Amino acid sequence: MLQGISRHEGVDLAETRTTAKIFDYPRDAWYVAAWDYEVTRNPMARTIAGRPLALYRTQDGTPVALADACWHRLAPLSMGKVIGDDLQCPYHGIRYNKTGRCTSMPAQETINPSATVPSFPVVDRYRYVWVWVGDPAIADPALIPDMSQMTDPEWTGDGELIHADCNYQLVLDNLMDLTHEEFVHSSSIGQEELSESEFVTSHTETTVTVERWMLGIDAPPFWLKNMRDKFPDFEGKVDRWQIIHFEAPSTIRIDVGVARAGTGAPEGDRSQGVNGYVMNTITPESDRSCHYFWSFQRNYRLDSQLITTQLRNGVHGVFGEDERMLQAQQAAIDANPDYEFYSLNIDTGGMWVRRILERMLESEGRPSAVPLPTGVGAERVPQVV
3 MLQGISRHEG
13 VDLAETRTTA
23 KIFDYPRDAW
33 YVAAWDYEVT
43 RNPMARTIAG
53 RPLALYRTQD
63 GTPVALADAC
73 WHRLAPLSMG
83 KVIGDDLQCP
93 YHGIRYNKTG
103 RCTSMPAQET
113 INPSATVPSF
123 PVVDRYRYVW
133 VWVGDPAIAD
143 PALIPDMSQM
153 TDPEWTGDGE
163 LIHADCNYQL
173 VLDNLMDLTH
183 EEFVHSSSIG
193 QEELSESEFV
203 TSHTETTVTV
213 ERWMLGIDAP
223 PFWLKNMRDK
233 FPDFEGKVDR
243 WQIIHFEAPS
253 TIRIDVGVAR
263 AGTGAPEGDR
273 SQGVNGYVMN
283 TITPESDRSC
293 HYFWSFQRNY
303 RLDSQLITTQ
313 LRNGVHGVFG
323 EDERMLQAQQ
333 AAIDANPDYE
343 FYSLNIDTGG
353 MWVRRILERM
363 LESEGRPSAV
373 PLPTGVGAER
383 VPQVV
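Below is the structure:
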């Protein structure tokens, strides 16, 4: 069992070094392959955790994920077409059913029994199509991370897909430590109190939570607008919260919001505020690229499409700033392959995420190629016991 730690317990990560810069990805896990509306009767290509897939739907709407390479000459099946419930190769017309078994070969009646392509477990849930590219025998849908705010009738919102040219772990690092908002997003959600406030980190074997409260502060522009959407005459100070929930392998839900200062939000009464969930699930494509699915969900003014669109566009701008930073960071990592990372107290959540991922890789017999932690200060890093 992983033992919980927090900044309040005096754990000091200052000047800790780690070489975990290009992090491998577990395969025995559920990853989002696409928004549900992206997968149609016309096959599409998407690479998930290093595995090129052809995605389509059968006549009854069931999603299918096959390896994107024909058994015959490896032609991409995603370039083919769906006939009935089968996917036809664009090169020589060989057809495969949803289990990947060949059902038809041109110019011959006998089908070679070896004519199959890998098929992968796939599930529609929370407005996404989830795929398991590891051992299919352990692909339990109950392991799909909780993103229930995406479909709960008490919440509404919308989001997008970013194709980010960086290792997926860099996005996880970014989301587990939100103090960067003060510097990267200074015109929208950033403020000095982010770096000044205390935070608490806790975790289990598959989850990490980082909680931060900022009490009696001025609302930054993004949250001031949201408060006035709900309370048009709002003025004054707010209590602000950020509660980051990571669930392995790469889903992060961030419970965010502000409420009128002193009205009980820290104790659980958020009625005098606005509450949102930043929903993030990051799917590795390669060791230097990933698919970043996000949505902003809210539980107020549910009938306003205007607010939904404004919030989506606003978050799009914020995440665009993150994307530029992450791509620049990846370029710097590639230019300095032997450089060691240093970790600070603010990296506690991200370090625990890396330990969970390392354990998942070890369980698959694929320990990370880069050890962590290492170097000066490693003895002060919280240990897995």
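Here the sequence shown is numbered in my numbering, starting from 3 and rising by one per residue.
Every residue gets a Cβ at the ideal spot worked out from N, C-alpha and C, and that includes glycine.
Only a predicted model underlies this, so the values are computations on that prediction, with no experimental measurement involved.
Cα-Cα separation, residue i to residue j
i, j, result
"Ser-106", "Ala-77", "16 Å"
"Gly-63", "Asp-87", "10 Å"
"Phe-321", "Pro-108", "49 Å"
"Asn-442", "Ala-69", "No information on residue 442 is available, as it lies outside the stretch 3 to 387 that the chain covers here."
"Pro-268", "Pro-138", "43 Å"
"Asp-271", "Gly-264", "10 Å"
"Arg-127", "Met-46", "19 Å"
"Pro-369", "Val-34", "23 Å"
"Met-353", "Trp-296", "22 Å"
"Val-131", "Ala-36", "5 Å"
"Ser-150", "Ile-309", "21 Å"
"Asn-315", "Gln-110", "54 Å"
"Ala-31", "Leu-89", "25 Å"
"Arg-356", "Asn-277", "29 Å"
"Asp-349", "Thr-118", "46 Å"
"Glu-325", "Cys-104", "42 Å"
"Asp-154", "His-318", "22 Å"
"Asn-338", "Leu-163", "29 Å"
"Arg-303", "Arg-230", "11 Å"
"Ile-245", "Trp-215", "8 Å"
"Thr-42", "Trp-225", "37 Å"
"Ser-345", "Val-133", "33 Å"
"Phe-201", "Trp-243", "10 Å"
"Lys-83", "Gly-102", "15 Å"
"Thr-112", "Gly-95", "15 Å"
"Thr-49", "Asn-347", "35 Å"
"Glu-17", "Pro-143", "For Glu-17, the predicted model reports a pLDDT of 43, less than 50, meaning its position is unreliable and no value from the coordinates is stated."
"Tyr-341", "Tyr-170", "19 Å"
"Phe-185", "Phe-343", "Bear in mind that a pLDDT of 46 at Phe-185, under 50, signals an unreliable position, so the number given afterwards is only what the model happens to contain. Taking the straight line from one Cα to the other gives about 20 Å."
"Lys-227", "Arg-59", "41 Å"
"Gly-159", "Gly-266", "26 Å"
"Thr-457", "Glu-364", "Because the chain here runs from 3 to 387, residue 457 falls outside it and cannot be looked at."
Contacting residues, own chain, Cβ-Cβ under 7 Å from residue i (five flanking each side not counted)
i, result
"Gly-367", "none"
"Tyr-93", "Cys-72, Arg-75 and Ala-77"
"Leu-328", "Ala-166, Cys-168, Leu-172, Val-173 and Asn-176"
"Gly-52", "Ser-288"
"Met-152", "Tyr-128, Arg-129, Met-281, Ser-297 and Gln-299"
"Ser-80", "Pro-45, Met-46, Ala-47, Ala-56 and Asp-70"
"Ala-141", "Pro-123 and Trp-134"
"Asn-99", "Asp-87, Asp-88 and Thr-105"
"Asn-301", "Glu-156, Trp-157 and Asn-277"
"Phe-236", "Met-229 and Arg-230"
Cβ separation of residue i and residue j, assumed to be a contact under 8 Å, to the nearest whole Å
i, j, result
"Gln-299", "Trp-157", "4 Å"
"Ala-221", "Val-258", "Contact flag wrong, Cβ pair sits at about 12 Å."
"Ile-284", "Ser-252", "4 Å"
"Ala-67", "Ser-116", "No, Ala-67 and Ser-116 are not in contact; Cβ-Cβ is about 21 Å, not under 8 Å."
"Lys-232", "Ile-219", "That pair is no contact at about 18 Å."
"Leu-217", "Asp-179", "20 Å between Cβ atoms; not a contact."
"Leu-359", "Phe-25", "7 Å"
"Pro-65", "Val-135", "Not a contact, Cβ separation roughly 14 Å."
"Thr-203", "Gly-351", "5 Å"
"Asp-148", "Glu-40", "Not confirmed; about 22 Å, so no contact."
"Gln-274", "Arg-262", "4 Å"
Enclosing alpha helix (DSSP H) for residue i [first to last residue]
i, result
"Glu-325", "307-337"
"Met-152", "Segment: none, Met-152 is in no alpha helix (DSSP H) and carries neither H nor E."
"Thr-391", "Within the shown structure, residues of the chain are numbered from 3 to 387, placing residue 391 beyond reach of any answer."
"Pro-223", "223-232"
"Met-178", "170-178"
Short CB-CB distance (under 9 Å) between residue i and chain D
i, result
"Ala-141", "Here there is only one protein chain, and chain D is not present."
Endpoints, the beta strand (DSSP E) within which residue i is located
i, result
"Ala-35", "32-37"
"Asn-277", "275-288"
"Lys-83", "83-85"
"Ser-80", "Looking at the DSSP string, Ser-80 is not in any beta strand (DSSP E), and its letter there is neither H nor E."
"Gln-204", "Per the sequence presented here, residue 204 reads as Ser, with Gln not at that position. From DSSP, the beta strand (DSSP E) with Ser-204 extends over 201-205."
"Tyr-58", "53-59"
"Leu-217", "209-219"
"Ser-252", "Per DSSP, Ser-252 belongs to no beta strand (DSSP E) and is neither H nor E."
"Thr-49", "46-50"
"Phe-298", "291-300"
"Ala-67", "65-69"
"Leu-89", "88-90"
"Tyr-344", "343-345"
Chain-order list of residues whose beta-carbon lies under 6 Å from that of residue i (same chain, five-residue window excluded)
i, result
"Ser-291", "Asp-167"
"Gly-161", "Trp-296 and Ser-297"
"Tyr-27", "Ala-51 and Pro-286"
"Met-362", "Pro-28"
"Thr-211", "Ser-204 and His-247"
Proximal residues to residue i (C-beta, below 8 Å), its chain only, five neighbours per side dropped
i, result
"Ile-85", "Arg-97"
"Leu-145", "Ala-31 and Trp-32"
(Q) My parser needs the beta strand (DSSP E) runs of 3 or more residues fully inside the region 96-161; what are they? (A) Counting only runs of at least 3 residues, the region 96-161 fully encloses the following beta strand (DSSP E) elements, listed from N- to C-terminal order: 104-106, 124-127 and 130-134.
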